[in-house]
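K.L.:
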Amino acid sequence: MRRTTPRHRPRGAPWASLFFFVLLLLFLGITLYATTLIYHEVRTAVVMVGEKLHIPISPPDVSEVWGQAPEQPQTPPAAAIGGTAPTPVLPPTPNIGRVPQAQRVNILLLGVDRRPQETGPPRTDTLILLSIDMKTGDTSMLSLPRDLWVEIPPYRIHAKLNQAYAIGEARGYPGGGIALVKDTVSAFVGYPVHHYALVDFDGFRKLIDLIGGIEVCVPKTIHDERYPTDDYGVETLHIEAGCQHMDGDLALKYARTRHADSDYGRARRQQQVILAARDKIMQARMLPTLLVRAPQILRNLSGSLETDIPLDRLVTLARLATKISPESIRQAVIDSRYGEETYASNGAWILLPDMKKLYPLFDVLLAPQVHTQDVKGLRKLLENRPTQDLAIRAENARLLLLNGTRMPGEGEAYTRWLLQQGFFVGQFGEAAHTYAHTWLLIQNDRPKTREALIALYHIQPAYVRTGQNFLGDVDMALIVGNDAPKPK
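Using the numbering used here, you'd call the opening residue of the sequence shown number 45 and step up by one each time.
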């Protein structure tokens, strides 16, 4: 196999899906919470099928799954074609069983490209893994690109992530395409995927309009002369930089366009839209409105949403959503920093993941974590830390500690030891992956704290990463590896 790094990003299919599903999920949950008192009315607007909440979507025609024309990337250089498809070299499968998952729920949200004139399963072109701690409300959002090159279990084949749904439908995977996508993502990140929610374009437009639009601050002017239209044509899209009001149609266009930057830039705009909608929904005057309009809203979303999240869990999620601070939400996009952009042997554009770089990201976002102040034996240490170094105490850097050693369950012991040294460890937990070396991820640099941690744990320069902007309200994350001294 030969691989080359292309000079520019090829265009994909004209209808690239939007991952507005987090927004829709939160909105639906909040709506259900607001309508608890009129629950009997809500039940008339939805259908419970087994464990699924189903606002009906027509089932796909699986018989023509392989007859559907695949998306064609721009023709790559001849040297980039040939040989076998690239296969990522993955470390041993992580021991998912070592991580207690009772308090953390991971929800795979799927944005689908569904067109009335097409047959076969819809393309799951955009995916996000939403992880919520059901006790504390700690929330993470991880965007997974559609071109991510992954192993599809149990078939032991490699393909783009957005092909997993069609493969599962065509091969009769137990639970269908959705189940295979969930299992594929779970194997990739090393954490279980408990639920899914699937939505389409129409639901997004309706949702934004139903809440009266959103306020979005556009960081730079967008000018796209090839924005795709519903009838497979193109139009010019121009959005000036600055804060402005957007209705459903404009918000969809803002979140879908990618000619101005890339798929990764689009993913970041989509997360921006999600949070803008959350801010709008969280306004005090919105909940009474949702209460009155809940049955109408659910009817309007008919055909746009399917999820296996039980109704009672949606209500619990809605209660948590009212308490979550936007600043504490950890957000990340898997982009070219975490892999190599290249071509498969068939000419398809892919992102070949670098798992060594990705595992720290997965563990910070998805590992169940305990707030130190909630542990009786650690609370006093946290509040009355000894003053070993005045400079470190003055920086008051907030740390997250994850135990990535071969000895699970040591996270609390490492936390206790650091507290005794005067460090502020706000949260700790157990990583799903085992690390040979200790990592230090830095979002907000605190020089004295950084230098002290490097010295205490003998951290090699290769494992000190700055600019890690996915830590939420944490300044630094310390992932303790097998080379770390044992806590005293």
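Even glycine gets a Cβ: it sits at the ideal position worked out from N, Cα and C. This structure is a prediction, so every number in the text was calculated from the model and none was measured.
When you compare only the Cα positions, how much space is there between P189 and N428?
P.N.:
Counting from 1 along the sequence shown, the entry for residue 189 is found at position 145. Counting from 1 along the sequence shown, the entry for residue 428 is found at position 384. Looking at the two C-alpha atoms, the distance is approximately 45 Å.
K.L.:
Helix, strand or coil, according to DSSP, for M185 in the structure here?
P.N.:
Sequence index remark: in the sequence shown, residue 185 carries index 141 (1-based). Strand, per DSSP.
K.L.:
Let me know if T510 comes out buried or exposed under the rule of 16 or more other beta-carbons within 10 Å of its beta-carbon.
P.N.:
Along the sequence shown, one-based indexing puts residue 510 at 466. With fewer than 16 other Cβ atoms within 10 Å, it is exposed.
K.L.:
With three or more C-beta pairs closer than 8 Å as the rule, is the segment 172-182 touching the segment 412-427?
P.N.:
Output reads yes: the segment 172-182 touches the segment 412-427.
K.L.:
Quick one: what does DSSP say F541 is sitting in, helix, strand or coil?
P.N.:
No answer is possible for residue 541: the residues shown for the chain start at 45 and end at 532.
K.L.:
Given this structure, state the Cα-to-Cα distance separating R249 from G466, to the nearest angstrom.
P.N.:
Translated into the one-based positions of the sequence shown, residue 249 becomes position 205. Translated into the one-based positions of the sequence shown, residue 466 becomes position 422. Cα to Cα, the separation comes out at about 51 Å.
K.L.:
Shortest alpha-carbon distance to A476 belongs to which of T351, Y403, N206?
P.N.:
Within the sequence shown, numbered from 1, the residue matching residue 476 stands at position 432. If we check each option's Cα against that of A476, Y403 comes out closest.
K.L.:
Between which residues of its own chain and D433 is the CB-CB distance below 8 Å, once the five residues before and five after are set aside?
P.N.:
Indexing the sequence shown from 1 puts residue 433 at position 389. Contacts found: G466, K492, A496.
K.L.:
Among residues of its own chain, excluding the 5 on either side of R337, which ones have a beta-carbon nearer than 8 Å to its beta-carbon?
P.N.:
Taking the sequence shown and counting its residues from 1, the one referred to as residue 337 is at position 293. For R337, where only same-chain residues beyond five positions count, the Cβ hits under 8 Å are L254.
K.L.:
So Y271 and T301 are in contact, right, with Cβ under 8 Å, and what is the actual spacing, rounded?
P.N.:
Locating residue 271 in the sequence shown gives position 227, where the first residue counts as 1. Locating residue 301 in the sequence shown gives position 257, where the first residue counts as 1. At roughly 6 Å, the Cβ-Cβ gap stays under 8 Å, so Y271 and T301 are in contact.
K.L.:
Nearest to G292 by CA position, among G470, I318, R215, is which residue?
P.N.:
Mapped onto the sequence shown, residue 292 falls at position 248. Ranking G470, I318, R215 by Cα distance to G292 puts I318 first.
K.L.:
Which word fits R343, buried or exposed, when buried means at least 16 other C-beta atoms lie within 10 angstroms of its C-beta?
P.N.:
In the sequence shown, counting from the first residue as 1, residue 343 sits at position 299. It is exposed - the Cβ of R343 has fewer than 16 other Cβ atoms within 10 Å.
K.L.:
Since V518 and Q487 should fall inside the 8 Å C-beta cutoff, what is the C-beta to C-beta distance between them, to a whole number of angstroms?
P.N.:
Numbered from 1 along the sequence shown, position 474 holds the residue referred to as residue 518. Numbered from 1 along the sequence shown, position 443 holds the residue referred to as residue 487. Sure, about 7 Å apart at Cβ, within 8 Å.
K.L.:
Judging by CA-CA distance, which residue of W193, G448, M185 is the nearest neighbour of E384?
P.N.:
As a first step, residue 384 is located in the sequence shown; it is residue number 340 there, counting from the start. The candidate whose alpha carbon is nearest that of E384 is W193.
K.L.:
Look at the Cβ atom of L186, then the Cβ atom of L405, and state whether they are nearer than 9 Å.
P.N.:
Here residue 186 corresponds to residue number 142 of the sequence shown, with the count starting at 1. Here residue 405 corresponds to residue number 361 of the sequence shown, with the count starting at 1. It is a contact, given that the beta carbons lie within the stated cut-off.
K.L.:
Check P370 in the structure and name its three-state DSSP category.
P.N.:
Indexing the sequence shown from 1 puts residue 370 at position 326. Three-state DSSP puts P370 in a helix.
K.L.:
Based on DSSP bridge pairs, tell me the residues matched to I258.
P.N.:
The residue you call residue 258 lines up with position 214 of the sequence shown. Bridge partners of I258: M290.
K.L.:
Hey, L484 and V408: beta-carbon distance below 9 Å or not?
P.N.:
The residue you call residue 484 lines up with position 440 of the sequence shown. The residue you call residue 408 lines up with position 364 of the sequence shown. No, Cβ-Cβ distance for L484 and V408 is not below 9 Å.
K.L.:
Can the beta-carbon of L154 be found closer than 9 Å to that of Y240?
P.N.:
On the sequence shown, residue 154 is found 110 positions in, with the first residue counted as 1. On the sequence shown, residue 240 is found 196 positions in, with the first residue counted as 1. Yes; because the gap between Cβ atoms is below 9 Å, this pair is in contact.
K.L.:
Pairing CB atoms from the segment 210-218 with CB atoms from the segment 443-462, are three or more of them under 8 Å?
P.N.:
With the cut-off at 8 Å, the segment 210-218 and the segment 443-462 do not touch.
K.L.:
Whole angstroms are fine: how far does the CA of M520 sit from the CA of R490?
P.N.:
By 1-based counting over the sequence shown, the position of residue 490 is 446. By 1-based counting over the sequence shown, the position of residue 520 is 476. Roughly 9 Å between the two C-alpha positions.
K.L.:
With a CB to CB cut of under 7 Å and the five nearest residues on each side skipped, what residues in its chain are close to A320?
P.N.:
Numbered from its first residue, the sequence shown carries residue 320 at position 276. The answer, listed in chain order, is I258, E259, V260.
K.L.:
Assuming T19 and L422 are in contact, meaning their beta carbons sit under 8 Å apart, how far apart are those beta carbons, in whole angstroms?
P.N.:
With the chain covering 45 to 532 only, the question about residue 19 has no answer from this structure.
K.L.:
Measure the CB-CB distance between Y308 and D379 and report whether it falls below 9 Å.
P.N.:
Taking the sequence shown and counting its residues from 1, one reaches residue 308 at position 264. Taking the sequence shown and counting its residues from 1, one reaches residue 379 at position 335. Cβ distance < 9 Å, so Y308 and D379 count as in contact.
K.L.:
With I211 and A203 assumed to form a contact (beta carbons below 8 Å), what rounded beta-carbon distance in angstroms separates them?
P.N.:
Taking the sequence shown and counting its residues from 1, the one referred to as residue 211 is at position 167. Taking the sequence shown and counting its residues from 1, the one referred to as residue 203 is at position 159. Sure, about 7 Å apart at Cβ, within 8 Å.
K.L.:
Decide if Q315 is buried, meaning its Cβ has at least 16 other Cβ atoms within 10 Å, or exposed.
P.N.:
Here the question's residue 315 lines up with position 271 in the sequence shown. It is buried - the Cβ of Q315 has at least 16 other Cβ atoms within 10 Å.
K.L.:
Just the Cα atoms here: how many angstroms apart are G181 and T333?
P.N.:
Position 137 of the sequence shown holds residue 181. Position 289 of the sequence shown holds residue 333. Those two C-alpha atoms are separated by around 24 Å.
K.L.:
Are G470 and V524 close, meaning C-beta to C-beta below 9 Å?
P.N.:
As a position in the sequence shown, residue 470 is number 426, starting the count at 1. As a position in the sequence shown, residue 524 is number 480, starting the count at 1. Not in contact: G470 and V524 (Cβ atoms no closer than 9 Å).
K.L.:
If I'm right that A528 touches T478 with Cβ under 8 Å, what's the distance once you round it to whole angstroms?
P.N.:
As a first step, residue 528 must be located in the sequence shown, where it is residue number 484. As a first step, residue 478 must be located in the sequence shown, where it is residue number 434. The Cβ separation is near 12 Å, so there is no contact.
K.L.:
Alpha carbon to alpha carbon, how far is L364 from T183?
P.N.:
Here residue 364 is taken as the residue at index 320 of the sequence shown, counted from 1. Here residue 183 is taken as the residue at index 139 of the sequence shown, counted from 1. The alpha-carbon atoms of L364 and T183 are separated by roughly 10 Å.
K.L.:
Is the beta carbon of D398 closer than 9 Å to that of Y382?
P.N.:
Position 338 of the sequence shown, counted from the first residue, corresponds to residue 382. Position 354 of the sequence shown, counted from the first residue, corresponds to residue 398. A contact, by the Cβ cut-off of 9 Å.
K.L.:
Work out the CA separation of G234 and Q512 for me, nearest whole Å.
P.N.:
For the purposes of this step, residue 512 is taken as residue 468 along the sequence shown, with counting starting at 1. For the purposes of this step, residue 234 is taken as residue 190 along the sequence shown, with counting starting at 1. Roughly 21 Å between the two C-alpha positions.
K.L.:
Which of the three DSSP states is assigned to V278 in this structure?
P.N.:
In the sequence shown, the residue the question calls residue 278 occupies position 234. Correct three-state label for V278: strand.
K.L.:
If I follow the unbroken alpha helix (DSSP H) through P430, where does it start and stop?
P.N.:
Against the sequence shown, residue 430 aligns to sequence position 386. Note, P430: premise wrong, no alpha helix (DSSP H); not H, not E.
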